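In terms of this note's numbering, the sequence shown is residues 1 to 356.
Even for Gly, the Cβ is constructed at its ideal location relative to N, Cα and C.
None of the values given here were measured: they were computed from a predicted structure.
As C-alpha cells, the structure follows; a few thoughts come after it.
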Amino acid sequence: MEKIRVAIIGYGRSGRDIHTKTLKQLPDLFEIFCYVDADTERQAMIKKEMNKPVFSDYTGLYDHRDDVDLVINASFSQDHARISKELLKRGFNVLSEKPVSKDAAEFQTVLDTAKQAGKKYYAFQQYRFSAGFKKMREIIDSGVLGRIIAIRIEFASLARRWDWQTVHANTAGVLLNNGPHYVDIALILMGFPADVKVFAHMDHANYAGNGEDYVKLIMTSPGAPLTELEMSAGNAYPSQLFTIHGTNGTMKGNDSSLTWKYFIPSEATPLKLDLRPLRNENCEPLYCREKLNFYEENWNENKDTPDKAVSYYRALYDSIVNGSEFPVKAEQVLLQMKVMGEAHAQNSKLFDTNEK
Ligand SMILES: NC(=O)c1ccc[n+]([C@@H]2O[C@H](COP(=O)([O-])OP(=O)(O)OC[C@H]3O[C@@H](n4cnc5c(N)ncnc54)[C@H](O)[C@@H]3O)[C@@H](O)[C@H]2O)c1
Numbered sequence: 001m002e003k004i005r006v007a008i009i010g011y012g013r014s015g016r017d018i019h020t021k022t023l024k025q026l027p028d029l030f031e032i033f034c035y036v037d038a039d040t041e042r043q044a045m046i047k048k049e050m051n052k053p054v055f056s057d058y059t060g061l062y063d064h065r066d067d068v069d070l071v072i073n074a075s076f077s078q079d080h081a082r083i084s085k086e087l088l089k090r091g092f093n094v095l096s097e098k099p100v101s102k103d104a105a106e107f108q109t110v111l112d113t114a115k116q117a118g119k120k121y122y123a124f125q126q127y128r129f130s131a132g133f134k135k136m137r138e139i140i141d142s143g144v145l146g147r148i149i150a151i152r153i154e155f156a157s158l159a160r161r162w163d164w165q166t167v168h169a170n171t172a173g174v175l176l177n178n179g180p181h182y183v184d185i186a187l188i189l190m191g192f193p194a195d196v197k198v199f200a201h202m203d204h205a206n207y208a209g210n211g212e213d214y215v216k217l218i219m220t221s222p223g224a225p226l227t228e229l230e231m232s233a234g235n236a237y238p239s240q241l242f243t244i245h246g247t248n249g250t251m252k253g254n255d256s257s258l259t260w261k262y263f264i265p266s267e268a269t270p271l272k273l274d275l276r277p278l279r280n281e282n283c284e285p286l287y288c289r290e291k292l293n294f295y296e297e298n299w300n301e302n303k304d305t306p307d308k309a310v311s312y313y314r315a316l317y318d319s320i321v322n323g324s325e326f327p328v329k330a331e332q333v334l335l336q337m338k339v340m341g342e343a344h345a346q347n348s349k350l351f352d353t354n355e356k
C-alpha cells in the first residue's frame, strides 16, 4: 500500500500529542519523514522520541520536496496562513491546524495560493469525525426528534489559562482556538447557510492575556435551527456540550455519550386548539395535561470506537490516494472564518489594548 510521507511543523500539544500520536497508529498509511521545531529542547525530544531528522525552520523542508507528500502545519496560529502559503508556493501539499488563518480574507489568500500552485490544502477539523457527532447526526437524520428548532453547544469550565493562546494578537482567544471545532459542528447542523446572521458577545474572565474567554454566539438563517454556542472560562456548572431541541424530542450529550427522549406523534391524540377556559367536569380550572408516551434511548462510545483524529486521517488518506471526496470543504471553512470574523468585529473594543 502506498504510504503518505509527512513532515510535521511543531512538536507541541498538537504536533506531538495529536498528529504524531495519531500517525503512529496508522503506520500502513502514513510515514513521518521529518519534523520542524524552533525550540532546541523540543528538537532534542524529537531526536529521542522519534529519531527523525529535525529542522529549526520550515525553509529546511525546501531541499526535501521529493521526500515529503504532505506538510502538517502545527505551528503557532498566527503563522498558519503565512507558512501554508510559502509551502504551497514551494510545491508542497499542506494540512493546516486550526484556525486556518486570522480571518476570512487571509484564508481566501491561502485558497488562492493553493489554486495557483496546483497543490492540495486541507484544514484539520477532526471533531466532526468524532463518533459522538456522527451518531448525533444519524439520530437527527432519522427524524425521530422531528424538525430541529434549536441547537445549543456549551463548552465551559471554571479554569484559568496563561499561555500564548490567551493573546488576541496571536490569532487566539477561545473563539479562534476552540471555536473552529464547535462553529464547524454548528454550521454543519445548520446546513452551512450562506446567509447566516451572527450575534456575538465576548468578555474576559480568567485568561492572563487579552483574548476573549467568554463568547456567546448566536447564529440564525431562514429555515435553519437557531444555533447558540457558549464558550466560557467562568462557568463551574456547565450543562451539556450538545442540546438539540426538536419538535418531537430532545437530545443531550457529548462526544462519547448521548441520550435522547421523544414521543411518536401518531401515538398521541390529535392536537386540537381549545380556546375556552379549561375545566374539569365540575367546572374547576385546569392546565393542559396529558400522558404522552415518551421513549428514551442512550448511546455510549465503546472502547473500540475509532479516535476522531484517526478517522480524519483515514478519510484524508482515502481522498489523497483513492480520490474519494474529502468531507471538509474549503468553502465550509471559509464560512466558519466569516462567522468568527463577524463575531470579533462586533466585539472589537474588547481588544483595543493589550491589557485585559
Ligand atoms: N486540532 C486540535 O484539537 C488542536 C489541539 C491543540 C493545538 N492545536 C493547534 O495547533 C497549533 C499549535 O498549538 P500547540 O498547542 O501544539 O502549541 P505548543 O505551544 O504546545 O507547541 C508549539 C510548538 O511548535 C513550535 N513552533 C511553532 N511555530 C513554529 C515555527 N514557525 N517554526 C518552528 N517551530 C515552531 C514551537 O517551538 C513549539 O514546540 C495551534 O495553532 C493550535 O491552535 C489544535
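Starting from residue i, trace the alpha helix (DSSP H) in both directions and tell me its first and last residue.
i           : result
residue 319 : 308-322
residue 132 : 131-142
residue 107 : 104-117
residue 31  : Here residue 31 belongs to no alpha helix (DSSP H); instead the beta strand (DSSP E) covers 30-36.
residue 95  : Element bounds for residue 95: not the alpha helix (DSSP H) but the beta strand (DSSP E), 94-96.
residue 47  : 40-50
residue 247 : Careful: residue 247 lies outside any alpha helix (DSSP H) and carries neither H nor E.
residue 22  : 21-24
Rounded C-beta distance between residue i and residue j? I'm assuming under 8 Å.
i           : j           : result
residue 308 : residue 126 : 5 Å
residue 48  : residue 32  : Not really, about 15 Å apart at Cβ, beyond 8 Å.
residue 57  : residue 36  : 7 Å
residue 123 : residue 333 : 5 Å
residue 224 : residue 190 : 4 Å
residue 230 : residue 154 : 5 Å
residue 340 : residue 100 : About 11 Å; that fails the 8 Å criterion.
residue 71  : residue 61  : 6 Å
residue 278 : residue 287 : 7 Å
residue 250 : residue 207 : No, residue 250 and residue 207 are not in contact; Cβ-Cβ is about 33 Å, not under 8 Å.
residue 85  : residue 113 : 4 Å
residue 17  : residue 133 : Their Cβ separation, rounded to whole angstroms, is 21 Å, which puts residue 17 and residue 133 out of contact at 8 Å.
Closer than 8 Å by C-beta to residue i: which residues in its own chain qualify, once you throw out the five before and the five after it? Chain order, please.
i           : result
residue 194 : 335
residue 65  : 90, 91 and 92
residue 69  : 4, 5, 6, 93 and 320
residue 290 : 268 and 269
residue 111 : 121, 330 and 334
residue 263 : 248, 249, 292, 293, 294 and 295
In angstroms with no decimal places, state the Cα-to-Cα distance between residue i and residue j.
i           : j           : result
residue 261 : residue 295 : 5 Å
residue 347 : residue 168 : 12 Å
residue 29  : residue 317 : 7 Å
residue 217 : residue 343 : 7 Å
residue 75  : residue 205 : 26 Å
residue 199 : residue 226 : 11 Å
residue 34  : residue 330 : 27 Å
residue 248 : residue 108 : 41 Å
residue 306 : residue 131 : 7 Å
residue 327 : residue 312 : 9 Å
residue 95  : residue 265 : 46 Å
residue 222 : residue 284 : 43 Å
residue 349 : residue 210 : 11 Å
residue 19  : residue 271 : 53 Å
residue 214 : residue 102 : 19 Å
Going by DSSP, what residue range makes up the beta strand (DSSP E) through residue i?
i           : result
residue 71  : 70-73
residue 216 : 214-220
residue 226 : 226-232
residue 168 : That residue, residue 168, is in no beta strand (DSSP E); it is neither H nor E in DSSP.
residue 267 : Taken as a continuous stretch (DSSP letters only), residue 267 belongs to no beta strand (DSSP E), as it is neither H nor E.
residue 344 : Unbroken run through residue 344 is the alpha helix (DSSP H), 330-345; no beta strand (DSSP E).
residue 197 : 197-203
residue 121 : 121-123
residue 7   : 4-9
Using three-state DSSP, classify residue i as helix, strand or coil.
i           : result
residue 260 : strand
residue 180 : helix
residue 299 : strand
residue 91  : coil
residue 223 : coil
residue 154 : strand
residue 55  : strand
residue 287 : coil
residue 237 : coil
Among the residues of its own chain, which have a CB less than 6 Å from the CB of residue i, if the five just before and after it don't count?
i           : result
residue 257 : 300
residue 181 : 127
residue 243 : 152 and 252
residue 78  : 170 and 171
residue 324 : 318
Near residue i, what residues of its chain come up, given a Cβ to Cβ distance below 7 Å and the 5 sequence neighbours on each side ignored?
i           : result
residue 297 : 260
residue 38  : 56 and 57
residue 235 : 156, 157 and 158
residue 25  : 310
residue 147 : 246 and 247
Between residue i and chain B, is the shortest Cβ-Cβ distance under 8 Å, so that the two count as touching?
i           : result
residue 253 : The structure shown contains no chain B; it is built from a single protein chain.
Can we count residue i as close to ligand 3, meaning its CB is less than 7 Å from some heavy atom?
i           : result
residue 179 : This structure lacks ligand 3; its bound ligands are ligand 1.
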